[in-house]
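Heads up: take any position in the sequence shown, counting from 1, add 364, and you land on this note's numbering. Beta carbons are placed, not taken as given, at the ideal position from N, Cα and C, and that holds for glycine.
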Amino acid sequence: MTRPVDAGLAPYAADPAHTRGRRHAEPPPEYRSEYQRDRDRIVHCNAFRRLTYKTQVFVNHEGDLYRTRVTHSLEVAQIARTVARALELNETLTEAICLAHDLGHTPFGHAGQDALNLCMRDYGGFEHNLQSLRVVDELEERYAEFQGLNLTFECREGILKHCSPANAKLLGEVGQRFLRNEQPGLEAQLANLADAIAYNNHDVDDGVRAGLISVAELQSVRLFQRFYSEVMQRYPDTSPRRQLHETIRRMINALVVDLVQTSRAQIVAADVQHIDDVRRQRQPLMNLSESMYALHLELKRFLNRSLYRHAQVSDMTRRARSVVSDLFAALLDDGALLPAEHRDAAARAAATQGMAGRARVVADYVAGMTDRFAFLEHARVTQARSAGA
Ligand code: MG
365 MTRPVDAGLA
375 PYAADPAHTR
385 GRRHAEPPPE
395 YRSEYQRDRD
405 RIVHCNAFRR
415 LTYKTQVFVN
425 HEGDLYRTRV
435 THSLEVAQIA
445 RTVARALELN
455 ETLTEAICLA
465 HDLGHTPFGH
475 AGQDALNLCM
485 RDYGGFEHNL
495 QSLRVVDELE
505 ERYAEFQGLN
515 LTFECREGIL
525 KHCSPANAKL
535 LGEVGQRFLR
545 NEQPGLEAQL
555 ANLADAIAYN
565 NHDVDDGVRA
575 GLISVAELQS
585 VRLFQRFYSE
595 VMQRYPDTSP
605 RRQLHETIRR
615 MINALVVDLV
625 QTSRAQIVAA
635 DVQHIDDVRR
645 QRQPLMNLSE
655 SMYALHLELK
665 RFLNRSLYRH
675 AQVSDMTRRA
685 RSVVSDLFAA
695 LLDDGALLPA
705 EHRDAAARAA
715 ATQGMAGRAR
725 VVADYVAGMT
735 DRFAFLEHAR
745 VTQARSAGA
């Protein structure tokens with residue numbers, strides 16, 4: 365039997381033959397590398413399928429064409445894989461991290477996470493990125509011998525993008541870099557940037573499609589304007605839909621090319637020979653150039669102002685917030701409203717950790733909900749409470 369090797373890796377790439385390993389030791393996979401196994405476990409897990417019915421800006425039932433968290437995650441992975449290949453990083457690990465990066469998201473995107481964080485303020489708070497790690501480390505129940513997916517250290521390190529020092533202390537080895545001011549591997553740094561490139565660009569597409577932002581407004585954004593005028597010169601007579609897409613693909617391309625070139629130069633300048641050299645750097649080596657970063661930031665600020673705070677989005681956001689906080693309050697107050705499995709987990713957690721343990725189980729349950737399931741649960745819980753009142 366030959367063990368597959370991830371081909372064409374640079375010396376500073378993550379090498380599955382030298383992984384820092386899994387928390388629970390397992391025999392090596394037969395026809396896959398360790399990172400292929402990580403990726404496959406992620407794609408097969410429950411939380412990944414639930415991403416189909418979770419959204420970040422638009423709520424799932426608002427239309428079939430908007431990005432969901434699963435299509436977002438696929439776009440992030442596509443962008444990152446291109447860059448990984450160009451820089452001879454580990455493409456499989458990069459893909460695994462990208463596919464897992466949003467597993468901990470609550471229903472209703474950031475509105476849901478903010479609401480849940482507020483609900484959890486006396487019990488350690490709630491942070492979606494930390495929750496993604498919790499999903500793969502603790503919450504998935506699929507294997508007889510361990511909790512979670514038992515992913516490699518490199519994949520877990522990539523999933524945990526940021527972390528407070530207090531939480532880092534509780535996380536063991538994977539939290540250490542936040543205390544030592546070290547960096548994760550290049551694959552993890554890349555996944556983070558690909559995420560930002562993907563959502564900035566697809567939110568332009570979804571925002572225009574939804575009629576919440578216009579091409580005229582977008583022309584105040586330099587990155588958009590530059591490529592839109594190029595497209596209009598070349599294809600003045602094609603449909604607005606195609607003109608928009610031709611613009612977006614050019615923006616993504618420009619960001620990706622800049623990311624590859626800038627990062628390659630920084631990797632060469634830092635003279636890193638091993639992933640541990642990458643980790644010891646004070647700053648990330650994967651970066652956009654300063655000028656491209658400024659353009660990227662300008663687009664992000666535009667979307668913040670014009671799309672994420674649009675009255676129509678804010679209406680939905682308010683509703684989403686109240687669904688999440690009502691649900692949390694009702695389920696914490698009356699454990700009988702929880703499904704049996706979660707009720708038992710809540711009772712066990714309360715016995716060892718008191719109210720904070722119980723609240724964490726309720727938060728895990730609420731965070732795992734899809735947008736539509738949260739609406740259904742909200743209706744069920746509200747009805748049960750008014751019947752009992
Ligand atoms: Mg994301």
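Check	Outcome
Between R541 and V642, what straight-line distance do the alpha-carbon atoms span, to the nearest angstrom?	12 Å
Along the chain, where does the alpha helix (DSSP H) containing R736 start, and where does it finish?	735–752
Is the beta carbon of V421 within less than 7 Å of some heavy atom of the ligand MG?	no
Suppose contacts are defined by Cβ-Cβ distances below 8 Å. Is V440 in contact with A618 by that definition?	no
Which of the three DSSP states is assigned to R386 in this structure?	strand
For Y672 and L463, I'd like the C-alpha separation in whole angstroms.	24 Å
Please report the Cβ distance between D567 and V447, rounded to the nearest whole angstrom; I am assuming they are in contact, meaning their Cβ atoms lie under 8 Å.	The pair is not a contact, with the Cβ atoms about 20 Å apart (cut-off 8 Å).
Where E662 and R712 are concerned, what is the direct C-alpha to C-alpha distance, given to the nearest angstrom?	48 Å
Between which residues of its own chain and Y487 is the CB-CB distance below 8 Å, once the five residues before and five after are set aside?	M719, A720, A723, R724, A727
On the three-state DSSP scale, how would you describe Q420?	coil
Give me the Cβ distance between H469 and R433, rounded to the nearest whole Å; I'm assuming they're in contact under 8 Å.	6 Å
Helix or strand or just coil, what does DSSP make of T602?	coil
Going by the C-beta, is Y592 closer than 7 Å to any heavy atom of the ligand MG?	no
Over what stretch of residues does the alpha helix (DSSP H) that includes T516 continue unbroken?	T516 -> no alpha helix (DSSP H), and no H or E assigned at all.
Between which residues of its own chain and A580 is the CB-CB distance below 6 Å, once the five residues before and five after are set aside?	none
To the nearest angstrom, report how far apart H674 and R683 are at their CA atoms.	14 Å
Below 8 Å on the Cβ atoms is my guess for S670 versus I577; work out the distance and round it to an integer in Å.	5 Å
Evaluate the contact criterion for the segment 587–605 versus the segment 621–628: three or more CB pairs, one atom per stretch, below 8 Å.	no
Should D640 and C519 be called a contact, given that it needs their Cβ atoms to be closer than 8 Å?	no
Taking Cβ positions, are V538 and E521 nearer each other than 8 Å?	yes
Given 7 Å as the limit, tell me if H465 has its C-beta closer than that to any heavy atom belonging to the ligand MG.	yes
May I ask you to verify whether the segment 450–463 touches the segment 375–383, counting CB pairs closer than 8 Å and requiring at least 3?	yes
Contact check, A748 vs L691 under 8 Å by CB: the rounded distance?	Going by Cβ atoms, the distance from A748 to L691 rounds to 12 Å, so no, they are not a contact pair.
In angstroms with no decimal places, state the Cα-to-Cα distance between S653 and S750.	57 Å
Secondary structure at A510, three-state DSSP: helix, strand or coil?	Strictly speaking, residue 510 in this sequence is Phe, with Ala absent from that position. Coil at F510, not helix or strand.
Rounded to the nearest angstrom, how far is the Cβ of L457 from that of E551, given a contact under 8 Å?	5 Å
Please work out which residues of its chain come closer than 6 Å, Cβ to Cβ, to A709, disregarding the five sequence neighbours upstream and downstream, and give them in chain order.	V725
Please say whether Q717 and M650 have beta carbons closer to each other than 8 Å?	no
Any idea if P471 is buried or exposed, counting beta-carbon neighbours within 10 angstroms, 16 or more meaning buried?	buried
Cβ of H436 versus every heavy atom of the ligand MG: is any distance shorter than 7 Å?	yes
Checking 8 Å against the spacing of the C-beta atoms, do H474 and A555 come in under that value?	no
Can you give me the C-alpha to C-alpha distance between L534 and K525, rounded to a whole angstrom?	16 Å
State the DSSP-derived secondary structure class of T432, mapped to helix, strand or coil.	coil
Of the residues R590, E705, Y430, T516, which one's Cα is nearest the Cα of S397?	T516
Around the C-beta of Q495, are 16 or more other C-beta atoms found within 10 angstroms, so that it is buried, or is it exposed?	buried
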